[in-house]
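Here the sequence shown is numbered in this note's numbering, starting from 128 and rising by one per residue.
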Amino acid sequence: MDYAREDFDDYVWDKNDEDWEDFRNQLRQPSAPRRARLLVEQKFKKPATLVPPMIIGGYNILYRLRVEGVASDVLIRIPSPSFVKFAEEKTLREGATARYIREHTRVPVPEVFHYGKDPEVGPFIILQYIENRSTLSHTLRAPNDDPKEPNVLDPNVDEGLFENLCNKVASCLLQLSEQTFTRIGSLVEIQDKDGSSFSVTKRPITQNMNNMIQLANIPRSVLPTEDKTYSTADEWYVALAEMHIAQLVFQHNDLVASEDDCRNKYVARHVFLQLAKQGRLSTFGFAEDDWSAQSAIHPSILCPGPAPDVFRLWCDDFRGGNVLLSESDDIVACIDWEFAYAAPSQFMLDPPWWLLLDVPEMWESGIEDWIKVYEMRLKTWTSAVEKAEEDVESNSSSLPFPLSRYMRESWETGRFWLNYAARKSWAFDTIFWKYLDERFFGGRADVPKHELWKTRVHLLGERERNAMEPFVEWKMEDSKERIIVDWDPEEAKERLGKVLFP
128 MDYAREDFDD YVWDKNDEDW EDFRNQLRQP SAPRRARLLV EQKFKKPATL
178 VPPMIIGGYN ILYRLRVEGV ASDVLIRIPS PSFVKFAEEK TLREGATARY
228 IREHTRVPVP EVFHYGKDPE VGPFIILQYI ENRSTLSHTL RAPNDDPKEP
278 NVLDPNVDEG LFENLCNKVA SCLLQLSEQT FTRIGSLVEI QDKDGSSFSV
328 TKRPITQNMN NMIQLANIPR SVLPTEDKTY STADEWYVAL AEMHIAQLVF
378 QHNDLVASED DCRNKYVARH VFLQLAKQGR LSTFGFAEDD WSAQSAIHPS
428 ILCPGPAPDV FRLWCDDFRG GNVLLSESDD IVACIDWEFA YAAPSQFMLD
478 PPWWLLLDVP EMWESGIEDW IKVYEMRLKT WTSAVEKAEE DVESNSSSLP
528 FPLSRYMRES WETGRFWLNY AARKSWAFDT IFWKYLDERF FGGRADVPKH
578 ELWKTRVHLL GERERNAMEP FVEWKMEDSK ERIIVDWDPE EAKERLGKVL
628 FP
């Protein structure tokens with residue numbers, strides 16, 4: 128199957144597999160669960176007993192424990208070093224975000240008892256264990272006996288069940304959409320004598336940033352610095368576009384197949400960055416969009432864009448597998464708030480990508496088929512959001528128009544694809560050329576796929592055009608030897624600077 132996702136670096140992938148095997152061997156030692164138990168006993172100052180089995184999640188190792196005198200069991204979550212490349216940072220931000228959501232919304236989130244870094248265990252979160260029957264993904268997925276295969280929405284799913292669950296998740300997301308912030312970045316919990324408060328004072332930690340290191344060995348030094356936050360959506364779109372360029376520069380293996388493939392990727396990324404710097408990505412598909420080719424044909428009654436200085440919670444990893452259900456299919460918990468941050472409101476105004484459970488770039492029948500199926504399910508979703516909106520006070524929303532309308536227009540105008548591409552380096556290329564380019568700039572010449580760059584290279588500035596051929600020559604020569612390259616931090620910044628222009 129020709130997936131819409133570009134390839135990760137296979138050499139780095141294999142190295143991660145080796146590291147994971149080493150870590151699994153450590154987990155088999157009796158000392159690993161014992162350290163977790165001792166930490167829980169230290170925090171609660173009470174005896175604790177491990178409740179098997181150990182759980183291996185996508186990013187974390189979890190131990191369930193029964194603590195004497197505590198009503199519910201607890202889980203201790205420890206990030207896997209093979210999969211989590213900002214272990215301490217991610218854990219501290221996740222702990223703060225989960226507490227914030229629990230305190231400021233009615234979204235069911237397990238209580239976070241303790242989080243931090245322990246000299247023996249490392250970064251950790253100790254939280255309430257929630258009894259549940261299943262997850263939303265397992266409830267809606269097509270029958271599949273292979274646990275390694277991704278969950279896919281059952282095409283024969285009971286319509287009443289699907290609608291019921293959409294209604295319940297929509298209510299949660301509507302509550303999250305009402306939480307607003309004045310900067311883009313990660314939440315930090317501040318403890319003082321009067322209690323605790325929350326502030327956006329650290330960089331966003333995104334799933335894509337983690338993938339860049341885990342699956343392509345991108346140098347950390349070219350990513351946003353830890354204390355960096357952003358005051359506008361445009362600033363964050365620029366940062367995301369620059370990270371796409373960093374992926375092209377520093378993924379050593381398996382990203383570029385030919386010189387023209389490299390040119391396609393170079394032109395698409397620089398055009399996207401140029402639009403971000405011009406402040407156009409943040410207005411695309413809203414009433415303020417007066418620049419795109421499609422703005423001439425879309426009605427002028429589109430919703431206005433969100434306020435430029437108001438941002439909303441977004442979680443890259445929010446999906447059906449992180450929504451826990453009871454025996455009666457009520458939501459008992461939304462879990463795993465890693466990769467959550469105060470983001471451009473534009474992200475929250477899109478319909479959720481996870482309605483079909485699997486991502487569009489890895490859909491077995493291709494991305495076009497994903498779109499066809501998604502459009503059928505989107506009607507149920509937007510109806511669910513409308514129902515959730517009816518259940519709250521009409522004047523309580525901080526948005527000028529209903530969230531359901533924003534989501535519907537996002538899909539119709541292609542805003543959904545803009546934000547999806549902005550967040551995903553390995554899905555970016557297919558989405559840019561298939562679903563954004565002509566919306567941005569109008570029809571293009573009918574050329575073979577490998578020559579798409581020729582239709583838009585004229586949009587680049589003189590410096591970007593002049594730098595393209597030297598970059599392509601360097602990239603193709605550099606890719607000949609299949610190795611893992613560990614860049615010196617300063618040399619990496621200098622290399623990236625040769626293709627980024629102020």
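Here a beta-carbon is modelled for each residue, glycine too, at the ideal position from N, C-alpha and C.
Which term fits residue i, buried or exposed, when burial requires 16 or more other beta carbons within 10 angstroms of its beta carbon?
i           : result
residue 607 : exposed
residue 477 : buried
residue 503 : exposed
residue 319 : exposed
residue 179 : exposed
residue 341 : buried
residue 531 : buried
residue 237 : buried
residue 519 : exposed
residue 268 : buried
residue 528 : exposed
residue 312 : buried
residue 482 : buried
residue 345 : buried
residue 591 : buried
residue 252 : buried
residue 265 : exposed
residue 198 : exposed
residue 551 : buried
For residue i, write down the residues that DSSP places opposite it in a beta bridge.
i           : result
residue 318 : 323
residue 329 : 313
residue 307 : 439
residue 176 : 193
residue 167 : DSSP, once it has assigned bridges, lists no residue as partnering residue 167.
residue 268 : 280
residue 483 : According to DSSP, residue 483 bridges with nothing at all.
residue 460 : 451
residue 188 : 183, 205
Could you work out which residue in the options is closest to residue i when comparing CA atoms only?
i           : options            : result
residue 466 : 136, 141, 213      : 213
residue 452 : 218, 292, 491      : 292
residue 565 : 515, 398, 441, 433 : 398
residue 380 : 602, 617, 154, 235 : 602
residue 615 : 377, 205, 202      : 377
residue 430 : 440, 408, 414      : 414
residue 570 : 498, 420, 153      : 420
residue 234 : 464, 472, 541      : 464
residue 185 : 515, 580, 445, 368 : 445
residue 165 : 148, 141, 152, 203 : 203
residue 191 : 604, 254, 374, 508 : 254
residue 261 : 448, 586, 623      : 448
residue 443 : 223, 315, 486      : 486
residue 188 : 147, 371, 142, 629 : 147
residue 411 : 131, 244, 132, 567 : 567
residue 559 : 573, 542, 572      : 542
residue 331 : 432, 219, 390      : 219
residue 403 : 488, 433, 367, 422 : 367
residue 391 : 301, 225, 579, 139 : 579
residue 160 : 170, 139, 182      : 182
residue 294 : 626, 423, 515, 321 : 515
Span of the alpha helix (DSSP H) holding residue i?
i           : result
residue 241 : No alpha helix (DSSP H) contains residue 241, which is instead part of the beta strand (DSSP E) from 239–245.
residue 549 : 542–550
residue 595 : 589–605
residue 341 : 334–343
residue 493 : Premise fails: residue 493 is in no alpha helix (DSSP H) and is neither H nor E.
residue 557 : 555–558
residue 138 : 137–154
residue 621 : 616–624
residue 578 : Neither: residue 578 is in no alpha helix (DSSP H) and is coded neither H nor E.
residue 608 : It is not in any alpha helix (DSSP H) - residue 608 carries neither H nor E in the DSSP assignment.
Could you give the first and the last residue of the continuous beta strand (DSSP E) run that contains residue i?
i           : result
residue 468 : 467–471
residue 430 : It is not in any beta strand (DSSP E) - residue 430 carries neither H nor E in the DSSP assignment.
(request) Only counting runs of 4 or more residues, tell me where the alpha helix (DSSP H) segments fall wholly within the segment 190–264, in order along the chain. (result) 214–231
(message) In chain order, what are the residue ranges of uninterrupted alpha helix (DSSP H) at least 4 long that sit wholly in the segment 345–390?
(response) 360–377
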